[in-house]
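If you read the protein sequences in the order shown, they are chains L and Y.
Counting in this note's numbering, the first sequence runs from 1 upward without gaps.
Counting in this note's numbering, the second sequence runs from 117 upward without gaps.
By construction, the Cβ of each residue, glycine as well, lies at the ideal position given by its N, Cα and C atoms.
Data first, discussion second: the structure below is written as structure tokens.
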Amino acid sequence: EAGVTQSPTHLIKTRGQQVTLRCSPISGHTSVYWYQQALGLGLQFLLWYDEGEERNRGNFPPRFSGRQFPNYSSELNVNALELEDSALYLCASSLVEGRPSNEKLFFGSGTQLSVL
Amino acid sequence: DAKTTQPNSMESNEEEPVHLPCNHSTISGTDYIHWYRQLPSQGPEYVIHGLTSNVNNRMASLAIAEDRKSSTLILHRATLRDAAVYYCILRDASGGNNNDMRFGAGTRLTVKP
């Protein structure tokens with residue numbers, strides 16, 4: 001069974017540009033989470049999608065946005081890139097069976113974004 | 117949101133047990149305790165989770181204090197492959213849109229040969 005796949009693996013952009021990152025969840029998983037991990041830091045929660053709907057977003061400006069498609073894949077869009085957006089962007093998928101507290105997240109390997 | 121507190125770093129010797137602590141003094145009755153770990157250059161992976169009773173699986177054990185204000189992840193015999201950042205996370209069982217999975221800074225475990 002294929003795991004969570006993210007593309008591209010690496011990306012270099014310049015300040016002010018826009019970027020789209022993609023995530024394909026594990027087959028059958030309906031929830032997708034996005035996280036930002038700056039170098040040497042912990043994971044910062046960005047967005048949570050479930051069944052095509054945005055369930056919650058973290059403390060990030062509106063230029064960070066995304067969507068989830070009917071096949072449960074997801075995109076993360078970042079507009080007007082800034083230098084501090086340089087980070088590893090991680091996607092995770094899950095299937096909620098029963099209570100959300102029993103949900104296990106499965107992570108991809110991430111997209112490393114460098115903003116110059 | 118209920119928060120967790122973990123030491124920034126810990127060291128262990130190979131083949132010795134490791135006890136990774138987590139404090140969550142504001143935990144609510146419906147919060148589950150989840151542990152994930154992140155190996156170098158990888159996304160995090162699930163380790164274990166529990167509510168009140170101690171839990172065991174093939175990777176680790178989770179010991180939960182009687183008052184639930186702290187928990188300990190136990191690696192019974194550390195290997196070099198266990199060197200990672202370990203995250204302790206609380207997640208509310210009641211669901212809702214605010215019930216996302218938020219990671220803190222975690223504990224960086226170094227395993228010495």
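- Message: On the criterion of 16 or more Cβ atoms from any shown chain inside 10 Å, does HIS150(Y) qualify as buried, or is it exposed?
- Response: buried
- Task: Anything in chain L within Cβ reach of PRO160(Y), meaning under 9 Å, just list it in chain order.
- Result: TYR35, LEU43, LEU90, ALA92, LEU105 and PHE107
- Query: If we cut at 8 Å on Cβ distances, does GLY52(L) have a partner in chain B?
  - Reply: Protein chains in the displayed structure are L and Y, and chain B is not among them.
- Item | Listed by chain order, chain L residues near ALA221(Y) by CB distance under 8 Å | LEU41 and GLY42
- Between the Cα of THR146(Y) and the Cα atoms of THR195(Y), SER157(Y) and LYS185(Y), which residue gives the shortest distance? LYS185(Y)
- Task: Check the DSSP bridge columns for SER125(Y) and list the partner residues they point to.
- Result: ARG224(Y)
- Query: Given that a residue counts as buried once 16 or more other Cβ atoms are within 10 Å of its Cβ, and exposed if not, what is PHE69(L)?
  - Reply: exposed
- Message: Determine whether the beta carbon atoms of SER65(L) and VAL32(L) lie at a separation below 8 Å.
- Response: no
- Query: Between THR193(Y) and THR168(Y), what straight-line distance do the alpha-carbon atoms span, to the nearest angstrom?
  - Reply: First, the amino acid is wrong: residue 193(Y) is Arg here, not Thr. Each residue's alpha carbon lies about 24 Å from the other.
- Nearest-angstrom Cα distance between PHE106(L) and CYS204(Y)? 16 Å
- Task: Report the residue from ALA199(Y), GLY159(Y), GLN122(Y) and PRO229(Y) whose alpha carbon sits nearest the alpha carbon of HIS140(Y).
- Result: GLN122(Y)
- By how many angstroms is the C-alpha of PRO62(L) removed from the C-alpha of SER94(L)? 25 Å
- Among residues of its own chain, excluding the 5 on either side of TYR72(L), which ones have a beta-carbon nearer than 6 Å to its beta-carbon? PRO25 and THR30
- Item | Boundaries (first-last residue) of the beta strand (DSSP E) holding THR9(L) | Counting along the chain, THR9(L) falls outside any beta strand (DSSP E), and DSSP gives it neither H nor E.
- Range covered by the beta strand (DSSP E) that runs through PRO137(Y): 134-139
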